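Residue numbers (this note's numbering): 15 to 261. The structure appears right after this line, and notes come after that.
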Ligand code: IPE
Ligand code: IPE
Ligand code: MG
């Protein structure tokens with residue numbers, strides 16, 4: 015739920031009229047963050063989870079409508095069993111620890127991707143968080159778990175066909191996991207890689223892309239403000255021509 019007034023938002027150096035409605039983040043670089051410090055990769059994942067709170071809170075406070083976070087891709091299933099186990103443990107811990115604060119801030123949690131692949135304890139933790147926050151009217155927080163953009167599109171097309179609906183852009187959008195969050199305005203990727211890695215392929219058609227070398231555990235509110243300022247300075251034409259009102 016938005017907490018700050020326009021002038022408070024300006025005090026952060028931000029333009030309140032240029033806050034993206036939907037932000038997506040590829041939270042990459044946890045492993046390298048840990049390796050840089052001579053720590054096991056697990057320590058990087060833990061630090062990554064800890065970085066979430068400040069970012070989610072700030073997005074909520076400045077009135078971002080939707081935040082979609084890439085936590086585990088369909089391709090991440092290729093990782094060693096041990097690392098997957100650690101990530102599952104962290105997910106359970108995260109939801110149990112943060113759910114009350116998220117709920118108090120009217121955040122609505124939704125997982126996107128195929129949850130059925132995860133062990134029951136993970137499914138239960140995620141499901142509880144979704145059920146508890148389902149009626150909340152604040153920030154829509156989508157957490158991508160065992161998510162792949164291609165799988166999502168295939169799934170949406172199947173649903174459209176099952177319902178006997180025409181396969182057009184409107185129908186497909188309606189059956190996407192993120193249907194109620196719409197297109198992405200700003201996609202951020204931390205960790206220095208310049209790729210999309212099968213995230214929200216449809217929804218980023220006209221997203222502004224922001225890449226930073228900062229690894230996810232070091233992505234603070236100040237880093238997010240930098241990304242938001244970069245976004246605010248972009249001229250979004252959507253294929254049209256520059257309009258007088260646009261910056
Ligand atoms: C992102 O960090 C988190 C997940 C993919 C789960 P990585 O684990 O990919 O970290 P790097 O890219 O190896 O540094
Ligand atoms: C993308 O990071 C997925 C998540 C952040 C969950 P990866 O580390 O899996 O991506 P690649 O392998 O570098 O493309
Ligand atoms: Mg990575």
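All residues carry an ideal CB built from backbone N, CA and C; glycine is no exception. Since the structure is predicted, the reported quantities are computational estimates derived from the model, not experimental observations.
Pair within 9 Å by beta-carbon distance, residue i and residue j
{"i": "residue 153", "j": "residue 119", "result": "yes"}
{"i": "residue 159", "j": "residue 86", "result": "yes"}
{"i": "residue 143", "j": "residue 123", "result": "yes"}
{"i": "residue 1", "j": "residue 250", "result": "Because the chain in this structure spans residues 15 to 261, residue 1 falls outside the shown range and cannot be described."}
{"i": "residue 190", "j": "residue 166", "result": "yes"}
{"i": "residue 56", "j": "residue 100", "result": "yes"}
{"i": "residue 170", "j": "residue 146", "result": "no"}
{"i": "residue 69", "j": "residue 116", "result": "no"}
{"i": "residue 29", "j": "residue 193", "result": "no"}
{"i": "residue 74", "j": "residue 121", "result": "yes"}
{"i": "residue 102", "j": "residue 133", "result": "yes"}
{"i": "residue 241", "j": "residue 202", "result": "yes"}
{"i": "residue 135", "j": "residue 15", "result": "no"}
Presumed contact (8 Å Cβ cut-off) between residue i and residue j, rounded CB distance
{"i": "residue 43", "j": "residue 205", "result": "3 Å"}
{"i": "residue 196", "j": "residue 36", "result": "6 Å"}
{"i": "residue 41", "j": "residue 83", "result": "6 Å"}
{"i": "residue 77", "j": "residue 33", "result": "6 Å"}
{"i": "residue 48", "j": "residue 58", "result": "3 Å"}
{"i": "residue 62", "j": "residue 239", "result": "Incorrect: roughly 20 Å between the Cβ atoms, too far for contact."}
{"i": "residue 90", "j": "residue 164", "result": "Contact doesn't hold; Cβ gap of about 14 Å is too wide."}
{"i": "residue 81", "j": "residue 186", "result": "With a Cβ gap of about 23 Å, residue 81 and residue 186 do not count as contacting."}
{"i": "residue 67", "j": "residue 112", "result": "7 Å"}
{"i": "residue 222", "j": "residue 228", "result": "With a Cβ gap of about 18 Å, residue 222 and residue 228 do not count as contacting."}
{"i": "residue 173", "j": "residue 198", "result": "Actually they do not touch by this definition, with Cβ atoms about 21 Å apart."}
{"i": "residue 225", "j": "residue 208", "result": "6 Å"}
- Query: In chain order, which beta strand (DSSP E) runs of at least 3 residues are fully inside the segment 24-62?
  - Reply: 36-40
- Message: If we require 3 or more residues per run, which beta strand (DSSP E) segments fall completely within the segment 70-96?
- Response: 80-87
- Task: Any chance you could list the alpha helix (DSSP H) runs of at least 4 consecutive residues sitting entirely within the segment 154-208, in chain order?
- Result: 163-176, 183-188
- Query: What are the uninterrupted segments assigned as beta strand (DSSP E) that are 3 or more residues long and contained completely in the segment 119-160, given in chain order?
  - Reply: 122-126
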